Every structure is written in C-alpha cells, then in structure tokens.
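Notes follow once the structure below has been shown.
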Amino acid sequence: MFAIIVNPVSGGGKNAQIAKQIEALLTQRGETYQVFETANEGDGDRQVRMALESGCDNVVCIGGDGTLSEIVHELAGSGAVLYIVPSGTGNDFARALGLPRDPVEAFKAQLDGQRTAIDCGSINGRAFINVSGSGFDVEVLRKTEEFKQVYPGEKAYRKAVLAVLSSYRAFRSEISIDGGEFRPYSGTIVEIANGQYIGGGMKVAPGAQVQDGLFDVVMVDCVPRMLIPFLLPLFILGVHVHLPIARVVRAKDVVLRARGMVVNIDGRLEEMDEAHFEIRPSALHIMLPNK
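The sequence shown runs 1100 to 1390 under the working numbering.
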C-alpha cells in the first residue's frame, strides 16, 4: 500500500493538486493508498510513523529537500520504498538522482523504475538525505528566505550570494575526519555531502555518489569577498573542486565543532556547538528510473 505524504497548503495549494494527480495515477494502476497530511514543519516524522504503522510499504513524498530530510529519519532502515515527487524550491536531491523536473513525470518514472538501496547521512543521530555543512552557505540560506518572496528558487539563491558579500566573515571551527585528531579549520565553506547539489543546482560535490558508503567532505579555503562573484559560476558547475582553494576528502565519520555554530541540514538551519556526521550505507530504498 502507498502512503502519500503532503502538506496540502504548501506551495499555495500546488502540492494538493499534485497529490490529486498522484492519487489518480495510483487508482489507474489498481494500487491502494492513504493520504497523510502534514500540518506544519516537523510533522512529517509523525505522519511517516503513522503510515508505516498502517502497513504502508511505499511512501510518496511530495515536497522539496526539506520535506525529504524531515521524513527520512523514520524511513531509514525501515525497508519501505521512498518515491520522490519534487515540488520544492531547489529539488537538489531529485536532480542528483536524475529525476524529471516535472513532479508528476518524476513519479511516473519511478513507478516504472527499479528498486535500489542508497545511503543517507546522520547528524547527531538524526538522518538527512542530501548535504549538510556550514560557512558562507548558511548566511546565503538566511538571505534566500527573504528573496524567495520575490524570486524563484535558483535566482533567489544567487541574489542572496551577492547580498551577503559585504558582511561575510570566514567560518572558523575544528574538524575531525574518521576519528582523527581535531584540527582548526578556517574557510569559506565546509560541506558534508551525500548528494551533489545545493541551492537549486549548484554542484557543490560533483564526485559524490549515493551508493558508495562515503561522504564527500568539501572544504573551500578563505577567498577575498570581491572574488566570490567570479568564482560562483565555477561553483555552480562543480569546477571549484579542481582549484587550489578547495579540498575534497571521502569519509564515513566527520565531527565539526564551534561554539554557536549554525549548520545547514538539507536547507534547514540549526544551531549547535558540535555536529557529528555519520554515513548510513544503503539505509534507504528508492525507485530509480530505468535508463
């Protein structure tokens, strides 16, 4: 049985319309389903628990990366199959999986696809699906929330980049990789990546794979503010990892710590003094489109 997880009022009611189309597709195929409506941010966990307790073994998530991140904590390790219907602002994880941009077409492609197991990450024991980290990106995400009222997702993110340049300072912390000693880190950005993209298509971790049992830890050194607009196109394309200012390390376990640190978790911001990242190999089951 399918569970459809949706916030019916998000997207100005767009997601409710998408849910109706998903229901129609399942009905045409003779599949049974239940709809589980989230009432507010953080309610996805509860709805997924209810779905699993009701006997649903297929979970359809209508939303963006934030909604996905919210529900994977309950789904990881459950054996239930996740179907991604990308209808958020950036839809970066759907992009990493090569899903069609149209949400209904993405669902159709998965219905006719192949079941496979993929990795997810955890931060302080809570699962996340795409990318987490801190630095310049945190300030940009804060500003993006303001610009989203005026500009579509990808454009809002890029406008926010320019807006924070005048006040941004280097991110300072300590980092330990795979149980190694803590070393001081000062840079522009550090990202612990399971997926490849952030910010509506910026290829922060071009080498990241969701089935290799490893994070790509991407660290970019401090760069002058005036150079960031010129480096941004390289960051979008994923070319930055080939420059001397960047370093990529593959790891299973990462600890990042700094007093009052704010961490980006799949587009959601949380404050913490220490972030312990662990990879969870093959913890999620999804349907990938046939090539």
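By construction, the Cβ of each residue, glycine as well, lies at the ideal position given by its N, Cα and C atoms. Note that the coordinates shown come from a computational prediction; the quantities given were computed from them, not determined experimentally.
Residues of its chain near residue i, where Cβ-Cβ distance is below 7 Å and the 5 sequence neighbours each way are ignored
i       : result
Arg1214 : Val1180, His1384, Met1386
Thr1166 : Gly1143, Cys1160, Gly1187
Val1319 : Gly1286, Thr1287, Ile1288, His1339, Ile1344, Ala1345
Ala1307 : Ala1292, Asn1293, Gly1294, Gln1295, Asp1315
Leu1174 : Val1147, Val1158, Leu1181, Leu1383
Ala1208 : Leu1198, Pro1199, Pro1388
Lys1113 : Ser1186
Gly1224 : none
Beta-carbon proximity check, residue i vs residue j, cutoff 8 Å
i       : j       : result
Gly1187 : Asp1164 : yes
Val1317 : Val1347 : yes
Lys1242 : Val1263 : yes
Asn1363 : Ser1233 : yes
Gly1337 : Lys1390 : no
Leu1125 : Phe1101 : yes
Leu1261 : Pro1332 : no
Glu1238 : Tyr1267 : yes
Ile1297 : Asp1236 : yes
Val1230 : Ala1304 : yes
Ala1205 : Val1309 : no
Ala1374 : Arg1271 : no
Ile1335 : Val1203 : no
Beta bridge counterpart(s) of residue i as assigned by DSSP
i       : result
Leu1355 : Ile1274, Ala1374
Met1283 : The identity of residue 1283 in the sequence shown is Pro, whereas the question assumes Met. Bridge partners of Pro1283: Glu1273.
Leu1181 : Val1158, Ile1385
Glu1140 : None; Glu1140 has no bridge partner.
Gly1220 : Phe1227, Ile1378
Met1318 : Val1289, Arg1346
Asn1363 : Gly1232, Leu1368
Ile1414 : Residue 1414 lies beyond the residue range present for the chain, which begins at 1100 and ends at 1390; the question has no answer from this structure.
Thr1215 : Ile1385
Met1301 : Ile1297
Cut-off 8 Å between Cβ atoms - residues of its own chain near residue i, not counting five sequence neighbours on either side
i       : result
Val1322 : Thr1287, Leu1330, Ile1344
Asp1372 : Arg1356, Ala1357, Arg1358, Gly1359, Met1360
Leu1210 : Leu1124, Arg1128, Tyr1182, Met1386
Leu1368 : Val1237, Leu1240, Arg1241, Val1361, Val1362
Classification of residue i by the beta-carbon crowding that lies within 10 angstroms, buried from 16 upward
i       : result
Asn1190 : buried
Phe1281 : exposed
Ala1341 : Going by the sequence as given, residue 1341 is His instead of Ala. With fewer than 16 Cβ atoms within 10 Å of its Cβ, His1341 is classed as exposed.
Arg1257 : buried
Glu1370 : exposed
Thr1131 : exposed
Asn1139 : exposed
Glu1245 : exposed
Gly1162 : buried
Glu1152 : exposed
Cutoff 6 Å; reference residue i; Cβ partners in own chain excluding five residues on either side
i       : result
Ala1193 : Ile1183, Pro1185
Val1134 : Ile1103
Ser1168 : Phe1227, Ile1228, Asp1365
Ala1269 : Ser1285, Cys1321
Cys1155 : Met1100, Ala1102
Closer than 8 Å to chain D by CB, residue i
i       : result
Glu1130 : Here there is only one protein chain, and chain D is not present.
Handout entry: Cβ contact check for the stretch 1352 to 1362 and the stretch 1266 to 1286: 3 or more pairs under 8 Å
Key = yes
Problem - contact_flag[the stretch 1217 to 1236, the stretch 1372 to 1382] where n(CB pairs < 8 Å) is 3 or more - result: yes
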